[in-house]
Structure formats: C-alpha cells, structure tokens
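Single-structure report; data block below.
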Amino acid sequence: MGSARTSTPHLFSAVIAVGVAATILFAGWTAAIHLERRTLGWTAPQQFQLKNQGMVFQRTAARARRVLPLYGSSELIIGVPDRANKFFQNAPTGFQVSAVGTVGATSLIILQKIAALGSDLRGRKLAVSISPVWFLMPATRVDWYEGNFSLLAASELTFGSTVDFELKRDIASRMLQFPGTLEKSPLLEFALRRLSSGNWFDRLIFCAILPLGKIYMAGLELQDHFSAVAHILYATKPAPALQRQRPDRPTPVAKASEAKIYAQAKVENAPANGESIAPGRLDSRFRNRMNAAPEWADLELLLRALAKVHARPLLLSMPMDGRFYDQQGYSRLARENYYQKMRALAQRYNFTLIEFEDHDEDPAFLDAKHTHLTQEGWLFYNRALNDFFHGRVPGS
Numbered sequence: 012m013g014s015a016r017t018s019t020p021h022l023f024s025a026v027i028a029v030g031v032a033a034t035i036l037f038a039g040w041t042a043a044i045h046l047e048r049r050t051l052g053w054t055a056p057q058q059f060q061l062k063n064q065g066m067v068f069q070r071t072a073a074r075a076r077r078v079l080p081l082y083g084s085s086e087l088i089i090g091v092p093d094r095a096n097k098f099f100q101n102a103p104t105g106f107q108v109s110a111v112g113t114v115g116a117t118s119l120i121i122l123q124k125i126a127a128l129g130s131d132l133r134g135r136k137l138a139v140s141i142s143p144v145w146f147l148m149p150a151t152r153v154d155w156y157e158g159n160f161s162l163l164a165a166s167e168l169t170f171g172s173t174v175d176f177e178l179k180r181d182i183a184s185r186m187l188q189f190p191g192t193l194e195k196s197p198l199l200e201f202a203l204r205r206l207s208s209g210n211w212f213d214r215l216i217f218c219a220i221l222p223l224g225k226i227y228m229a230g231l232e233l234q235d236h237f238s239a240v241a242h243i244l245y246a247t248k249p250a251p252a253l254q255r256q257r258p259d260r261p262t263p264v265a266k267a268s269e270a271k272i273y274a275q276a277k278v279e280n281a282p283a284n285g286e287s288i289a290p291g292r293l294d295s296r297f298r299n300r301m302n303a304a305p306e307w308a309d310l311e312l313l314l315r316a317l318a319k320v321h322a323r324p325l326l327l328s329m330p331m332d333g334r335f336y337d338q339q340g341y342s343r344l345a346r347e348n349y350y351q352k353m354r355a356l357a358q359r360y361n362f363t364l365i366e367f368e369d370h371d372e373d374p375a376f377l378d379a380k381h382t383h384l385t386q387e388g389w390l391f392y393n394r395a396l397n398d399f400f401h402g403r404v405p406g407s
C-alpha cells in the first residue's frame with residue numbers, strides 16, 4: 012500500500028510535466044505560425060535555401076490569397092531584374108509571386124513539394140515553369156536530384172494522407188533510384204520500399220509503421236518551424252509597401268509586346284560558334300532522345316499529384332532555342348514533337364499550358380545558354396502569370 016501511495020505523486024508529477032511541455036510546444040508552434048504569416052509580405056518574393064528545402068514558407072504562401080506560388084528550376088534564380096518574384100514584389104497588380112526552385116530542380120523534386128503541401132493547395136492557383144532541356148537528357152542527373160532533395164518534403168509525401176497508395180507506389184519506385192538521399196533516414200527508405208512493392212503484405216507493414224512515421228514527420232516539421240523563426244528574426248527586413256492596383260490603371264505587364272519589338276532590334280543575329288549542321292539532318296536522333304527521356308514519366312507523376320491535391324496549376328513551358336537547334340541539325344518539324352507531346356499531356360489532365368511555341372525562333376526570348384529567360388522572356392512570363400491570377404486566359 013505504501014509503495015503504491017508513494018508512486019502516485021511521482022506519476023502525477025510526470026503527467027503535469029508532460030502537460031506543461033506540451034503546452035509550451037503548442038504555444039511556440041502557434042506563435043511561430045503567426046510570425047510566419049505576419050512576415051509573408053517580405054518572405055514571399057525572397058529566395059533562400061530554407062525556403063527551397065523546408066516547407067514552412069511554401070505552406071504559408073500556398074495558404075495566402077494574394078500570393079501566387081511559382082515552382083521551377085535555375086531560370087528562377089538567374090539575375091534578371093524583371094523575373095517574376097522581383098517584378099511582382101510590391102504587388103503592382105494586386106498579388107506577389109513566391110518563387111521556389113534552383114539549379115537542377117526537375118519534375119521529380121517539384122512533385123514532392125506539391126504532394127507535401129497536400130490539402131493546402133486545394134482549389135489554389137500556382138504556376139510551374141518547365142524547361143525543355145529536361146526532356147533531352149537520357150537520365151536525371153544524380154547531383155541535381157541530391158542537391159535539391161528535401162527530407163521533410165519526402166517524409167510528408169510518404170507519411171501524409173493526401174496522396175493515395177497507387178500514386179505513392181509509383182513515386183516511391185522512382186525515389187528509390189536515388190539511394191544516396193535516403194542514407195540519413197532508414198525509416199523513410201524502409202517505408203518507400205514497402206510502398207514500391209505494391210503487395211498487400213508490405214502495405215500492411217507500411218500501415219503498421221505509419222504512426223512512427225507521423226511522429227518522425229512531426230519532429231521534422233517542428234525543426235522547420237524553429238529554423239523559419241530564426242531566419243525571420245535574424246534575416247528579416249521590413250515588408251515592402253504593397254501597391255494598390257486600380258482597375259483602370261494600365262499594368263507594366265501590358266507592355267510586354269512593345270518591349271519585344273525593341274528588344275529584337277538589339278539582339279545580334281550572329282550564328283553560333285562552330286560549324287552548323289543542316290536543319291533536319293539529325294531529326295530522328297532528336298525524336299528518339301526526347302521520347303526516351305525519363306522526365307516525361309516524372310512530369311506525369313507531377314501532374315497526377317497536382318490533380319490529386321485538387322490544385323489549379325498553370326504550366327509554363329519555355330520554348331526551345333530554335334536557331335540554336337537548327338544549327339545542331341534539329342529542325343522545327345522535329346521540335347514540334349516536343350510541343351505536341353507537352354500539349355497532349357496537359358490536356359489529359361485538363362491543365363492550362365502555355366508552351367510559348369511562337370517564340371521557338373525568337374532570339375530575344377532565351378539567353379545565350381539557350382535555357383534561361385531573358386528580360387524580354389520574363390515579360391511574357393509575367394504577363395501570363397498576371398492574366399492567370401486574375402482569371403483571364405493567359406496568352407503566349
């Protein structure tokens with residue numbers, strides 16, 4: 012009797028301690044979310060590593076009514092003054108753009124972020140920038156994938172409830188092709204292997220470890236909030252003054268067509284260095300290489316994820332640099348296969364696509380590397396983003 016009475020106060024004290032700790036954590040979590048929302052006007056147009064690798068800033072932007080998330084690759088970080096996050100920084104037409112992406116971020120990386128956001132994207136508009144060069148690579152570069160991999164996004168995709176088992180199975184099979192990213196998380200690797208097998212016994216095992224996965228995911232999310240708060244407190248600046256756009260006021264994006272006329276006059280039409288090949292000579296090689304690219308399967312996984320979370324995406328495919336590819340022996344007819352295939356895939360999911368095919372041979376649209384937008388190219392991107400956000404049909 013005496014020992015039972017003695018243990019009771021200790022048990023009561025332990026319960027009190029756990030309750031106090033939980034209360035403190037909940038209060039900190041609530042305060043962090045409030046701070047993240049309050050500073051969105053500054054963080055939304057900014058680009059930094061924590062925003063790409065974590066989910067806090069992406070989730071806050073996805074929930075905001077006057078922020079349009081934009082996902083893409085290296086074109087989002089090239090120092091062009093009028094790239095979307097800078098152009099819309101002060102919300103000149105009523106919204107800001109939150110750009111997420113860096114070098115080597117392809118469809119497989121973007122889809123993990125989309126699936127991780129899950130229900131936060133339900134009914135929400137967002138844009139995805141697609142680079143044609145992804146579809147001319149025989150395999151996804153390991154260094155690209157590993158450099159952009161987010162353990163948090165992958166865990167939220169795996170242990171979250173938004174994506175169904177069938178889609179998780181297909182994504183897991185692809186993620187397991189990059190084992191280097193899973194070395195730090197045996198639990199995640201184990202879960203992905205159970206998902207990828209597709210048999211009922213492995214599914215039961217996955218369901219059994221799901222509570223452990225939820226706890227693991229919660230720990231990563233809490234760490235993400237702490238990192239976000241630290242970034243805001245030590246790196247934040249005053250939010251820019253947002254402009255109020257009057258309905259009758261012409262917007263800067265309306266001048267994109269005029270800017271193009273002047274820009275084309277400035278572009279030098281000198282041929283590329285080296286000996287050119289007659290256009291069309293290597294068309295069969297181009298088609299075979301493009302059609303065999305694994306990026307098509309990854310893009311379809313991304314579109315399936317967008318459909319599953321009921322998002323409202325705008326797909327922006329940069330044009331190919333027609334003059335460059337002509338000199339490489341790839342004709343406009345061969346390149347048309349890319350545009351056709353992209354259109355067919357977008358139509359299958361009833362998503363809005365602008366492939367800017369009319370600018371295939373426009374020397375002012377892409378830079379000298381043939382893969383990034385110029386100042387003029389961004390003006391067309393910005394006009395499309397503006398039209399899309401305000402419910403108008405975007406044009407190319």
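Under our numbering, the letters of the sequence shown match residues 12 to 407, in that order.
Don't be surprised by glycine CBs; every beta carbon is placed ideally from N, CA and C.
This structure is a prediction, so every number in the text was calculated from the model and none was measured.
Residue i versus residue j: straight-line alpha-carbon distance, rounded
| i | j | result |
| --- | --- | --- |
| LEU162 | GLU200 | 11 Å |
| ILE272 | PHE376 | Bear in mind that a pLDDT of 33 at ILE272, under 50, signals an unreliable position, so the number given afterwards is only what the model happens to contain. One C-alpha to the other measures close to 11 Å. |
| LEU223 | ASP235 | 19 Å |
| GLN107 | SER295 | 43 Å |
| VAL114 | ILE121 | 12 Å |
| ALA308 | GLN64 | 23 Å |
| ASP369 | MET353 | 15 Å |
| ARG323 | PHE367 | 20 Å |
| CYS218 | ARG403 | 44 Å |
| SER85 | THR71 | 23 Å |
| PRO197 | ILE89 | 36 Å |
| PHE237 | ASP378 | 39 Å |
| LEU61 | ARG49 | 18 Å |
| TYR360 | ALA318 | 7 Å |
| ARG346 | ALA355 | 15 Å |
| ALA357 | GLN57 | 29 Å |
| MET228 | LYS195 | 14 Å |
| ASP93 | PHE99 | 9 Å |
| TRP211 | PHE176 | 11 Å |
| MET331 | MET148 | 14 Å |
| ARG292 | TYR245 | 57 Å |
| ASN348 | ARG152 | 24 Å |
| PHE335 | LEU51 | 41 Å |
| PHE59 | GLY209 | 37 Å |
| GLU232 | ALA75 | 19 Å |
Own chain partners of residue i with C-beta closer than 7 Å, once the 5 adjacent residues on each side are dropped
| i | result |
| --- | --- |
| LEU46 | VAL240 and ILE243 |
| PRO261 | With a pLDDT of only 39 at PRO261, under 50, the local geometry of the prediction cannot be trusted, and the value read off the model is given with reservation. So the list is empty, once near-sequence residues are dropped. |
| TYR392 | ALA95, LEU327 and LEU384 |
| VAL144 | THR382 |
| ASP213 | ARG205 |
| ARG135 | ALA73, ALA322 and ARG323 |
| PHE189 | VAL153, TYR156 and GLU157 |
| ILE216 | ARG205 |
| LEU310 | SER118 and LEU356 |
Whether residue i touches residue j by CB criterion (8 Å)
| i | j | result |
| --- | --- | --- |
| LEU168 | PHE400 | no |
| ASN96 | ALA110 | yes |
| SER207 | LEU193 | no |
| ALA7 | ILE220 | The question about residue 7 has no answer here: the residues shown for the chain are numbered 12 through 407. |
| ALA126 | VAL67 | no |
| TYR156 | LEU119 | yes |
| TYR350 | PHE297 | no |
| THR54 | GLU306 | no |
6 Å Cβ shell around residue i - same chain, five flanking residues per side excluded
| i | result |
| --- | --- |
| ARG315 | LEU178 |
| VAL91 | GLN386 and TRP389 |
| SER184 | SER207 |
| ASN159 | GLY115, ALA116 and ILE120 |
| PHE146 | MET301, ALA304 and GLU306 |
| PRO405 | ILE365, ALA395, ASP398 and PHE399 |
| ALA43 | HIS236 and VAL240 |
| PHE362 | PRO324 and LEU326 |
| GLY112 | TYR82, GLY83, SER84 and LEU87 |
| GLU279 | Low confidence applies here, because GLU279 scores a pLDDT of 36, under 50, leaving its location unreliable and the question unanswered by this model. |
Contacting residues, own chain, Cβ-Cβ under 8 Å from residue i (five flanking each side not counted)
| i | result |
| --- | --- |
| ARG343 | PRO290, GLY333, ASP337, ASP371 and GLU372 |
Min CB distance residue i to chain B below 8 Å
| i | result |
| --- | --- |
| THR173 | Judged by its chain identifiers, the structure shown contains no chain B, having just a single protein chain. |
Supposed close pair residue i, residue j - CB separation, criterion 8 Å
| i | j | result |
| --- | --- | --- |
| GLY129 | GLY171 | 6 Å |
| ALA73 | ASP131 | 5 Å |
| ILE182 | LEU87 | Not confirmed; about 23 Å, so no contact. |
| GLN123 | ALA165 | 6 Å |
| VAL320 | ARG180 | At roughly 17 Å, the Cβ-Cβ gap does not stay under 8 Å, so VAL320 and ARG180 are not in contact. |
> Does the count of Cβ pairs from the stretch 315-335 and the stretch 139-151 closer than 8 Å reach three?
Replying inline: By the Cβ rule, the stretch 315-335 counts as touching the stretch 139-151, because three or more pairs are nearer than 8 Å.
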